[in-house]
Each structure stands twice: as structure tokens, then as C-alpha cells.
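For the sequence shown, position 297 matches number 297 in UniProt numbering, and the numbering has no gaps at all. The beta carbon of each residue, even a glycine, is placed where N, CA and C say it ideally should be. Predicted model, so just to flag it, every value in this text is computed and none were measured.
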Amino acid sequence: MDSYQSLKRCCEQWSTYPCNLLRPDQRRNVLENYHLILDGSEIRLFQASTEDIRILEPSDSPNGYIEQIFTSPFGLRKHLEQNRKDPAFSLIFVQSDNVRTPLNCSRESFAFLSSFYQIPAYFLDFVSSFGYSAERQDYHMTGFNSYDTLEPSTSNALEIRQLGRSGSEHVVQYMLRSVEKLTDSSSNTNWDVHQMAVHHRYDFVYGKALWLNIKTNNIISERIKEAMAEDPMLNFALSKGLSGSFTATLRTHLIHLEWCDNSWREYICDVEGEIRKTVKEGVVINEMEAKVMETDDPQRSVPRRLTKELEDLTNLENLPFEEAEKLDAIRERLENSLLVLQLNIQTLQDISDHYENLANRESLPSEVMKGSFFSDLDSFSQRVGRIRKNLEIRVTQVNSLISWLRKKQQLFEGLLRQRSVQASCFLTKTSHFHLDRMEQIAHMTREETASMHVITLVTMVFLPVSFLAEQGNIGVTFTDVL
């Protein structure tokens, strides 16, 4: 059975992906484990009812491309299985409504697509970070991996002449994250971290390029379409020889890579403004409370003063609890942003290193290195380096914001400690007040007890005499009557 027939059989067995791959890099048990993970994540990852897969391919239109939309596995299979060779370029976009909803794609379409293009199993590591979840998946993971079949002795090279695939290719896969501003139905804006997974394959004999982009919205697809309409290199180069097509792949990479740097400056400015606003609100509350305490009338009676202090201490609205919680939430967001930036920097470095090493390969076809190959590669490395430097600047900014935020949190902690001290003072005053009152009551009780003793003594002394005198008077009167 030739390789083309093997590929057709592989596609028919799409439900077993990635175990059905013809020349996998991993062992069988690893592929089976990926398959089990895909089975367990199917409901979370895929949503067939909203299927919307978009493919850009070259055309003679003014824009240089045609966009086709597939809403069912049947339509996608019909498109891929048509009797033709692979186009000069194919840009495939799979999206989701937001970061915590399933992909707008059925498992059948995804597995069939992955089988047709022999997408490696470890791309599923990136895909698994998408889909429905109550919390974020993979804790801001990014990553990069690559392989090539440039060496003649490479055992996993797969040539399929019927499709125009030489088997001499290189594959690049990466995942990046960045912040994006969102607007809800009430026109409120907020920031969220979005991820993007990219699979890219380039054929070094035929100059054909494949891109599979998975993202939560259409930002990248719109940018690529805009660039293809404006940039002649992207518009025509993919069908004009190896050197031009390779340059076009570098420019397409840059559209993806620049995305991870675009919004950080605005995001950091917004977070800084949010911190200043929160700190200002907390300080105003504290200043108002201090003024109330300073204007308290010292001539007011002790019970009234204590009652007023009790009301102030039990009024939780005057405490900066809400502001302190906001600062905690902001600090957590900044620490997450710092992690995303650092991981992106490493991924960008890996991509740059990959292409620099590729240029030094002796087995690289000479046709690719013609023309402006080395200058284009140098330009690509410089621009990736510039993106990386920009992210390093953002890391410095975020670290500075976190340090500043810690100081403001210490201020709020001081305010809360001050309230705790005030509460202790209030309890001490209350204890002294009640102790004084108890002493006064005890003194009054002792005085009243002494008075009662005197009255009792007088009563005991004079009562018998009065009684005898009264009896004597009665007796005399009775005798006189006799």
C-alpha cells in the first residue's frame, strides 16, 4: 500500500487519533495515553453545534486568497479529499467564543483535520488548555516544540506525491498568551489573558505552508487577512519559489508573535490607575475617620464618649476592607501577568533559536537560501528579539508595580492594625469605667449598710423601753378603773 492509500485509511480511522498517525515521533503507549485524554476531554473541548472552521487558500482575487467556512465534518472532509494537490498555503482557523467555552469545532472535524495533515500528538498539549472550565487550564502554560525531516536518513519522512508533499519539511508548534481588553453587554471593559496555539509546517521541496491557528477570537485571522491584502510578499510570495515562500512564512510568524506584545503597555497603565484609585479611596476613608476622632468633644460625659467610640469602631463601612481586597486581587493578577510574560519570553527565544539553527543546517536545500534568505532571516531574528526585549521591559514594569503595591498593602494593613489598637484602647477604657462604677456602687452599699446597722441598733435599744412604758400606762389606767 502506497503512502497516499495509507493516509486515506488513516483519515478513515480519525476516531483513534493520534494512534492512527503514520510516522509518529512517540511510542505507542504515549499515543494511547493522548487518545485517552482526548476521549475524557471531548465534551469540554469540542462543540459540534457551533462548528465554524475557516480556511484561507490562494486565489486570483485582488486579496490573493479565498476564505471558506465549514460548519460540519462532511463539508470539511469533502474539501480536504477533493482530487488535488495541497495548495501553496493553507491557513486554518479554529476559534471559541471565549477562554472558557469549547472550541467551535467537532471532535470529528478536528481529528480528521489532524489525521489528514499528520499533526503530531504533542500539539494536543496546547489544545487541552482550551475548552470549558470553571477555572483556567494549565496555569498560564506556554511552550514550543519542533522537528524536521531534512536529513536523508530521517525515518519519519512521509512523501505523498499525489498531494504534493515531499516529506522534507520542518514543523513548528508553539503556544503564547497575552492580555486582551474585553467589552461586555453593559459596555464595561475588563482585561483577560487569552491563549493562542499554532501549528506550522513547511515543505522544503515544494515550498508549501500549512498553518493551524487555535484561538478564542478572530483577531489573528483578521490581521493575517489585512496583511495579505496590503503586503505583496504575503499576497503572492507563497506561490513564487522556495525563497519567497519561506520569507512569507517568517512574516506570517511575526503576525502571530507580535500579538503577544501588543496590549501590555495599555494593560499596565490601566492596572496602575486602578491601584492609585483604590489607594486614594482607602486613604480618604482613613482621613475622614481621623478628623471625626480629632473633633470629639473632650467635655462630653464619659458614657456618651464611650458610646460614640463604640459606634465608630462597629461601623465597618469606615474600614478599608473592600480596598484591601481589591489590592489583593490586583496583586494576584500582576503575579499571573508576570508569569505569562516570562514564559512568553522563553518561547520567543526558542523560536528564534530554531530558525537560527535551521540556517546553519548543511542539509537545507540551496534553493531556499537563494535571494534574500539570510537577510530576511536576520530581520526576522531582530524583530523577534525586539518583541522579547519589549516583554522584558514589561516584566520590569510589572515587578515595579508589585513592589509599589506591597507598600500600599502595608499601608492598609497599618490602618487595620490601627483600628485594632483603637479597639483595644476602647476595651481598656470600658473596663476602667465599669471598674470605677463598681467601686462607687460598693462604696454606696457600704454606707447604706452602716446606716441600716445604726437604725437597727437604735430600734433594738429604744423599742423595749417604749413597749414597757406603754404597758405601764395601760396598767395604771386599768387599776384606776377598778
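For M196, the enclosing beta strand (DSSP E) starts and ends at T189 to D203. Cβ neighbours of L334 within its own chain (closer than 8 Å, five residues either side excluded): V271, V398, L401, I402 and L405.
Per DSSP, reduced to three states, the secondary structure at P73 is helical. By the neighbour-count definition (other C-beta atoms within 10 Å, threshold 16), C269 is an exposed residue.
Restricted to the segment 93-179, the beta strand (DSSP E) segments that are unbroken, complete and at least 3 residues in length are 143-148, listed in chain order.
Under DSSP, Y267 takes part in no beta bridge, so it has no partner.
If you draw a straight line from the Cα of K407 to the Cα of M233, it comes to about 51 Å.
Short of 7 Å from the beta carbon of T149, and not among the five residues preceding or following it, lie these beta carbons of its own chain, in chain order: N156, A157, G167, S168 and E169. One thing to note: T71 has its Cβ within 8 Å of the Cβ of D52. Put simply, the backbone Cα of E274 is about 21 Å away from that of H194. Inclusion of L176 and L38 in the CB contact set at 8 Å is not warranted, their separation being larger than that value. In terms of CA proximity to E151, L358 leads the group L358, N217, R446 and G371. The DSSP-derived three-state label of E81 is coil.
For the pair W264 and V94, the Cα-to-Cα distance works out to about 25 Å. Listed in chain order, the non-local C-beta contacts of L242 below 6 Å within the same chain comprise G207, E367 and V368, local neighbours out to five positions each way being set aside.
A Cβ-Cβ contact shorter than 8 Å links P102 with G131. Ranked by Cα distance from I119, the first of R223, I224, I455 and Y17 is Y17. Assigned with DSSP and collapsed to three states, Y65 falls in strand.
When the beta-carbon positions are compared, S90 and I55 come within less than 8 Å of each other. A direct Cα-Cα distance of roughly 43 Å separates D25 from I330.
For E57, no alpha helix (DSSP H) segment is defined; the enclosing uninterrupted segment is the beta strand (DSSP E) at I53 to P58. By alpha-carbon distance to L80, the top candidate from S115, F46 and S59 is S115.
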